[in-house]
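Let me begin by presenting the structure, written as structure tokens, before commenting on it.
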Amino acid sequence: MIIVFALFLLSLLVVTALAIVRTENLFVAVMLTSIFSLLMAANFFILDAADVALTEAAVGAGVTTVIFLGALALTAEREKYAAGGGRVAVVVVAILAALIIYATFDKPRLGDPDAPVHQHLAPWYLEKTPELVDIPNVVTAVLGSFRGYDTLGEVFVVFVACIGVLFILGVQPEHKLPPTASISAGLKHHLIPQVVGRLLIPFIILFGLYVQFHGEYGPGGGFQAGALIATGIILYALLEGEEEALRAIPRSVLMGLVIGGACLYGGVGLLCILLGGNFLDYSVLAADPVTGQQVGILLIEAGVGMAVCGALLSIFHAFAARTIRP
Amino acid sequence: MYLVVSLAILVTMVLALVRALRGPTVYDRVLAVNMFGTKTVLLLSVIAFLLGRPDFLDLALAYALINLVGILAVLEFFQNNTRGTAEHEHD
Amino acid sequence: MIDLALDSLSWVLLCLGGIFVLIGGVGALRLPGFYTRLHAASLTDSMATILIFTGIMLQAGFTLATLKLLAIMVFLLLTGPTASYALANAALQSGLKPDADQLGENTAGDAS
């Protein structure tokens, strides 16, 4: 039964990917990329990976589509014709694909309990989580505590990506802004989306906070929550216009969020050293080591959420605040 | 019971995808993406109960909220593009 | 007895919801012109949402899952018609006329 769903969704993925590559209208490609993200999220969902599915839906189908559209507003709508090189690329890809398919013949079946990946580390995580960390969601325990270094690296990657985009696109100084008519005034003149949007924004942000703190008990965590809260504020920017959104949450606050989130994570690690343990060893944060682990995971997830939210909003404003092409 | 509904929703997703690939105007494609989004929410809810895991409903809730933001962003982009070339009636 | 009644009611509601979803899909594919397709997609979306979620809620009983399903249903019923309105408004303002010819090839400013 799962096989039927998986086959359906995977074949739809192939069709969508082919259509994205073959079309030359970039707007169509962006719309199809949004559908692609949704199909991937459904695929992850069927494979029982709920955290990944939530992240893919929130980031891929939500924020990434908006940022692509903002970028598309600054460039042309049709792809420039690129001559040559097609034959060689197809041959190389075909050879590599044949090699990879040949390599999968030795793979164990999906979910096989005798596979090597299920013998050594995975049972250890499943046994030790109730004993050492005691939270129901093992994925968050692995992400936050057992593999905390990797997540620290991810937060700093998000931070560097944000800085990279801001270097390229820059921050427009206030006095150089052209007259207001060229900057988007939002959907201010449409009453119905405005009313419904204003109703929804508090719920989106509240749901983002719920996902943030509920990450220890169900699917959720810092990355998903950051993307959801950024979506809520992007909705406000779409409805009321760029200047209003920048007045409500200025760029300095966003940079503060990004830097604060990354420093919070690193700071928790240093705090653990100061209290006598190793770097990112949360057991020393409280009297009881299990409580210390839970406090540590709570703090670093907050850091991750802040960093992701600030980074996504900075990138969105970097695109949306530039002048629309005439 | 849930299997029948989920198959119906999957077939409709295929039809929406065909409309997205075919649609002569861009608004047809936006319509197809919107339809795809709401069908995804329905599919996620039904499959959550099919697999016996009702605590996966958070994904459906998240996506129901995000769908609107995507569509409004598309229309904002279009409004600014056409407004840039047409007269400024509103401002 | 109550279980049997609830189960059969859920079956009926879910199957009706599935039928509406299919009608919407076929309508979006085969109707001529953008506005007729929008009509098919948005109306059947709302109806199918109500039927399918009511069917699942009857199965879930009085748990937290029912509250979440109610929340999802309310949000879908709020945002679906809003998105359709915004889409129709944008299409009308960019010049797409509702009384285009029957074959579905509209002569609008944004044909791709």
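Chains as they are written, first to last, in the numbering used here: chain A, 1 to 326; chain B, 327 to 417; chain C, 418 to 529.
Here a beta-carbon is modelled for each residue, glycine too, at the ideal position from N, C-alpha and C.
Using alpha carbons as the reference points, say which of the options lies closest to residue i.
i        : options                                : result
C/LEU495 : C/LEU439, C/ASP462, C/THR483           : C/ASP462
A/ILE259 : A/ALA311, A/GLN224, A/GLY241           : A/ALA311
A/GLY62  : A/LEU285, A/LEU235, A/VAL295           : A/LEU235
C/LEU421 : C/LEU475, C/ALA445, C/SER459           : C/LEU475
B/ALA342 : B/THR351, B/ALA334, B/VAL359, B/PRO350 : B/VAL359
A/GLU216 : A/ALA19, A/THR140, A/LEU32             : A/THR140
A/TYR81  : A/ASN25, A/VAL142, A/ARG87, A/GLY111   : A/ASN25
C/ALA508 : B/LEU357, B/LEU376, B/ARG379           : B/LEU357
C/VAL491 : B/THR364, B/GLY396, B/VAL340, B/ILE397 : B/THR364
B/LEU398 : A/LEU72, A/THR65, A/THR16              : A/THR65
C/ALA488 : C/PHE470, C/ALA505, C/HIS456           : C/PHE470
A/PRO168 : A/THR16, A/LEU18, A/LEU132, A/ILE315   : According to the sequence provided, residue 168 of chain A is Ile. The question's Pro does not apply to it. Closest by alpha carbon: A/ILE315.
B/PRO380 : C/LEU481, C/LEU431, C/GLY472, C/MET464 : C/LEU481
Taking 8 angstroms as the CB-CB limit, is residue i close to chain C?
i        : result
A/VAL196 : yes
A/ILE192 : yes
B/LEU385 : no
B/LEU441 : In the structure as shown, chain B begins at 327 and stops at 417. Residue 441 of chain B is therefore absent and cannot be evaluated.
B/LEU347 : no
A/ALA181 : Annotation note: pLDDT 44 at A/ALA181 (below 50); position unreliable, coordinate value reported separately. So, not an interface residue.
Under the three-state reduction of DSSP, which class applies to residue i: helix, strand or coil?
i        : result
B/ARG379 : coil
A/THR75  : coil
A/ASN137 : coil
B/THR351 : strand
C/THR480 : coil
B/MET327 : coil
C/GLY512 : coil
A/ILE115 : A quick correction: the sequence has Ala, not Ile, at residue 115 of chain A. Residue state, collapsed to three classes: coil.
A/ASN43  : helix
A/ARG247 : helix
A/HIS190 : coil
A/ASP281 : coil
A/HIS120 : coil
A/PRO130 : helix
C/MET490 : helix
A/GLY266 : helix
A/ASP150 : helix
A/PHE319 : helix
A/GLY170 : coil
A/ALA230 : helix
A/PRO289 : helix
A/LEU275 : coil
C/PRO449 : coil
In the DSSP assignment, what residue or residues form a beta bridge with residue i?
i        : result
C/THR461 : Partner(s): none; C/THR461 has no beta bridge.
A/THR104 : For A/THR104, which the question treats as bridged, DSSP gives no partner whatsoever.
A/ILE25  : Per the sequence presented here, residue 25 of chain A reads as Asn, with Ile not at that position. Answer is A/ARG78.
With 8 angstroms as the threshold, decide whether the Cβ of residue i is near any Cβ in chain B.
i        : result
C/ILE473 : yes
A/PRO123 : no
C/ASP516 : no
C/ALA445 : yes
C/LEU513 : yes
A/ALA89  : no
Just to make sure I have the definition right: I need the residues of chain B whose C-beta is within less than 8 angstroms of the C-beta of residue i. Which are they?
i        : result
C/ILE469 : VAL331, LEU368, SER371, VAL372
C/ILE489 : VAL367, SER371, LEU383, ALA386, LEU387, ALA390
A/THR231 : LEU391, ILE392, VAL395
C/LEU504 : TYR353, VAL356, LEU357, ASN360, ILE397, LEU401
A/VAL66  : VAL395, GLY396, ALA399
A/LEU54  : ASP384, LEU385, ALA388
C/LEU586 : Nothing about residue 586 of chain C can be reported from this structure: the residues present for chain C run from 418 to 529 only.
Residue i touches chain B at which residues, Cβ-Cβ below 7 angstroms?
i        : result
A/SER34  : VAL359, GLY396
C/LEU455 : LEU357
Within the 8 angstroms Cβ cut-off, does residue i reach chain A?
i        : result
C/THR466 : no
B/TYR328 : no
C/THR480 : no
C/SER427 : no
B/GLU402 : yes
C/LEU494 : no
C/THR483 : no
C/THR461 : no
If the cut is a Cβ gap below 7 angstroms, which residues of chain A does residue i touch?
i        : result
B/GLY378 : Simply none; closest approach about 11 angstroms.
B/PHE362 : ILE35, LEU38
Whose Cβ in chain A lies nearer than 8 angstroms to the Cβ of residue i?
i        : result
C/TYR452 : Going along chain A, no residue has its Cβ under 8 angstroms from C/TYR452, so there is no contact; the nearest lies around 17 angstroms.
Compute the minimum distance between the beta carbon of residue i and the heavy atoms of the ligand ATP, and state whether it is under 7 angstroms.
i        : result
B/LEU391 : In the structure on display, the ligand ATP does not appear, and there are no ligands present to speak of.
Find the residues of chain B that neighbour residue i, judging by a C-beta separation of less than 9 angstroms, and give them in chain order.
i        : result
C/VAL438 : VAL331, ALA334, ILE335, VAL337, THR338, LYS365, LEU368
Taking C-beta pairs closer than 9 angstroms, name the residues in chain C that residue i reaches, listed in chain order.
i        : result
B/ALA399 : Simply none; closest approach about 11 angstroms.
What residues of chain A sit near residue i, judged by a beta carbon separation below 9 angstroms?
i        : result
C/LEU509 : Per Cβ cutoff of 9 angstroms: no residues; C/LEU509 is ~12 angstroms from chain A at best.
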